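Q: Would you mind keeping the following structure in view while I ask a few things?
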Amino acid sequence: MRIDLHTHSNLSDGTDTPTRLVLNARNAGLEAVALTDHDTLDGVLEARAAGRRVGVHVVPGVELSTEVDGREVHLLGYGPRLDHDDLNAELARIRLGRRNRLPAMLDRLARLGVVVTMAEVQAQAGAPGTALGRPHVADALIAKGEVVNRQQAFDRFLDRNGPAFVPRPAAGLTAGIDLLHAAGAAVVLAHPGIRGMDEVLTGDLIEMLAREHGLDGIEVDYPLHDTATRDLYHRLGARLGLVRTGSSDYHGTGKAGHDLGSVTTRPPAFHELLRRIAERGGVAH
Ligand code: AMP
Ligand code: ZN
Ligand code: FE
Ligand code: FE
Numbered sequence: 521m522r523i524d525l526h527t528h529s530n531l532s533d534g535t536d537t538p539t540r541l542v543l544n545a546r547n548a549g550l551e552a553v554a555l556t557d558h559d560t561l562d563g564v565l566e567a568r569a570a571g572r573r574v575g576v577h578v579v580p581g582v583e584l585s586t587e588v589d590g591r592e593v594h595l596l597g598y599g600p601r602l603d604h605d606d607l608n609a610e611l612a613r614i615r616l617g618r619r620n621r622l623p624a625m626l627d628r629l630a631r632l633g634v635v636v637t638m639a640e641v642q643a644q645a646g647a648p649g650t651a652l653g654r655p656h657v658a659d660a661l662i663a664k665g666e667v668v669n670r671q672q673a674f675d676r677f678l679d680r681n682g683p684a685f686v687p688r689p690a691a692g693l694t695a696g697i698d699l700l701h702a703a704g705a706a707v708v709l710a711h712p713g714i715r716g717m718d719e720v721l722t723g724d725l726i727e728m729l730a731r732e733h734g735l736d737g738i739e740v741d742y743p744l745h746d747t748a749t750r751d752l753y754h755r756l757g758a759r760l761g762l763v764r765t766g767s768s769d770y771h772g773t774g775k776a777g778h779d780l781g782s783v784t785t786r787p788p789a790f791h792e793l794l795r796r797i798a799e800r801g802g803v804a805h
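If you count by this note's numbering, then the sequence shown holds residues 521 to 805, one letter each, in order.
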C-alpha cells in the first residue's frame, strides 16, 4: 500500500485542481493521499469526490501556518471536521492576512524596479478563494520574465531575508495544535528539518508539544531531509511515541523534486493516524 500524506492543489500554491491531483495520485500508484492545502479546506470536497470515483482514499487535511519565536512552523492537520467554526474562522483570518500583505510586497518590488500588480498575482491563483502566497507572486514574476522559476524568485526577492519579504499572520504553534485537535484532527509536525526550522524546533520544544499538547506525529521522511535528519527525527519520534510519517509535499509543477509518491508513509503509521482521527472525532474519509 502506497500512501502520500502531504500535497497541495491550486486552492493554495499547487498547480493541479483537486480532481487532477487525485487522478495523478492514482496514476502514481497511490492508494491513499491527503490533500493538505495551506490554510484552507476548500479543495477537500472535490478531492474526496474524485477519490470515490477512481478508488483512492482521500484523507481531508490542511497545512496550518503557525509561528513560534517569530519563525514559521507548519502543522499538518488530518481529518478535521469541515464545519468546525473556530477552525474555519482561524483559517479565514490567515487567508485574509495572506491577501492583505501582498500590496506591501508589491510596493517593495516596485521600489526595486520590478512592477507587478495585484491583478497579475491574482491571475496566477487557481480559484477566487485561493489561499494566496509568495509562490503566486513568484508565478507573476515568472510570467513577466523577471525570473525563470519559483526558486529564483525566492532567492532574489521573496525569501524570509529577501528584499521584498513581508510577514503575514499565523496561528500560535501550541494554539494551532489545540485548535486542530478541537476540530477532530490528528496533528503532525511538518518538515521540521527544513529552512532552519530546527533553530526554533528544538528537541525540548518537540518533547513539550508531545507531552503537553498531545502532538500526534512528526514528518520524518521528506524530500529535503537528508539521511542524518531522517535518523534524528525517527529516533526522537520513537522516544516520544509520535507517529512517524513520510510525504512528498507535492505542488504539481510548482515545486521540483516533490513528485507524488516520491516519499511515502508506512501502512502501520497511516493506520495509527486514522485511529487517532477516529478517537478525536474527526473525519478520516
Ligand atoms: P507564504 O505562506 O506566502 O509566506 O509562502 C510560503 C511558501 O513559499 C512555503 O510554503 C514554501 O512552499 C515556499 N517557500 C518559502 N520559502 C522558500 C524558499 N526559501 N525557497 C523556495 N520556496 C519557499
Ligand atoms: Zn506550498
Ligand atoms: Fe510546509
Ligand atoms: Fe506543504
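Glycine included, each C-beta is placed from N, C-alpha and C at the ideal position. As the structure is a prediction and not an experimental result, all values here were calculated from the model.
#1: Given the structure, does HIS558 come close to ligand 2, in the sense that its CB is under 7 Å from one of the ligand's heavy atoms?
#2: Which value, in whole angstroms, describes the spacing of the CA atoms of ARG591 and HIS577?
#3: Rounded to the nearest angstrom, what separates ALA798 and ALA703 at their Cα positions?
#4: Expressed to the nearest angstrom, what Euclidean distance is found between the alpha-carbon atoms of GLY563 and ALA609?
#5: List the whole-angstrom C-beta distance separating ALA644 from ASP659, where the pair is believed to meet the contact cut-off of C-beta under 8 Å.
#6: Please state whether DSSP places LEU596 in a helix, a strand or coil.
#7: Compute the Euclidean distance between the alpha carbons of PRO538 and SER529, then round it to the nearest angstrom.
#8: Mark LYS664 as exposed unless 16 or more other C-beta atoms lie within 10 angstroms of its C-beta, in which case mark it buried.
#9: Let's see if you can read the secondary structure: which residues bound the alpha helix (DSSP H) around ILE714?
#10: Could you pull out every residue in the same chain whose Cβ sits closer than 7 Å to the Cβ of ALA723, ignoring the five residues on either side in sequence?
#11: Could you say which of GLY781, THR773, LEU760, GLY774 lies nearest to GLY766 if we only look at CA atoms?
#12: Looking at GLU666 and VAL634, is the spacing between their C-beta atoms short of 8 Å?
#13: When DSSP labels each residue in this structure, what does HIS771 get in the three-state scheme?
#14: How would the residue list near ligand 3 read, in chain order, if you kept each one whose beta-carbon is closer than 6 Å to any heavy atom?
#15: To which residues of the same chain is ASP533 closer than 7 Å at the C-beta, ignoring the five residues directly before and after it?
#16: Nearest CA to the CA of LEU762: which residue from ALA612, ASP769, ARG731, LEU744?
#17: Could you give the C-beta distance for ILE523 and THR784, rounded to a whole number, given that I count them as a contact under 8 Å?
#18: Could you name the residues of the same chain whose beta carbon sits closer than 7 Å to that of ASP536, not counting the 5 residues immediately before and after it, in chain order?
A: Quick look at the numbers:
#1: Distances between the C-beta of HIS558 and the heavy atoms of ligand 2 include at least one below 7 Å.
#2: 33 Å
#3: Cα to Cα, ALA798 sits roughly 12 Å from ALA703.
#4: 17 Å
#5: The sequence shown places Gln at residue 644, rather than the Ala named in the question. That belief holds up - the Cβ atoms of GLN644 and ASP659 are roughly 4 Å apart, short of 8 Å.
#6: strand
#7: Rounded to the nearest whole angstrom, the C-alpha separation of PRO538 and SER529 is 5 Å.
#8: exposed
#9: Here ILE714 belongs to no alpha helix (DSSP H), and DSSP marks it neither H nor E.
#10: At residue 723 the sequence reads Gly, which differs from the Ala that was named. Contacts found: LEU756.
#11: GLY781
#12: yes
#13: If DSSP states are grouped into helix, strand and coil, HIS771 belongs with the strands.
#14: GLU583, HIS594, ALA710, HIS711
#15: HIS558, GLY653, PRO655, HIS656, HIS771, GLY774
#16: ARG731
#17: 6 Å
#18: SER529, ASN530, ASN544, GLY772
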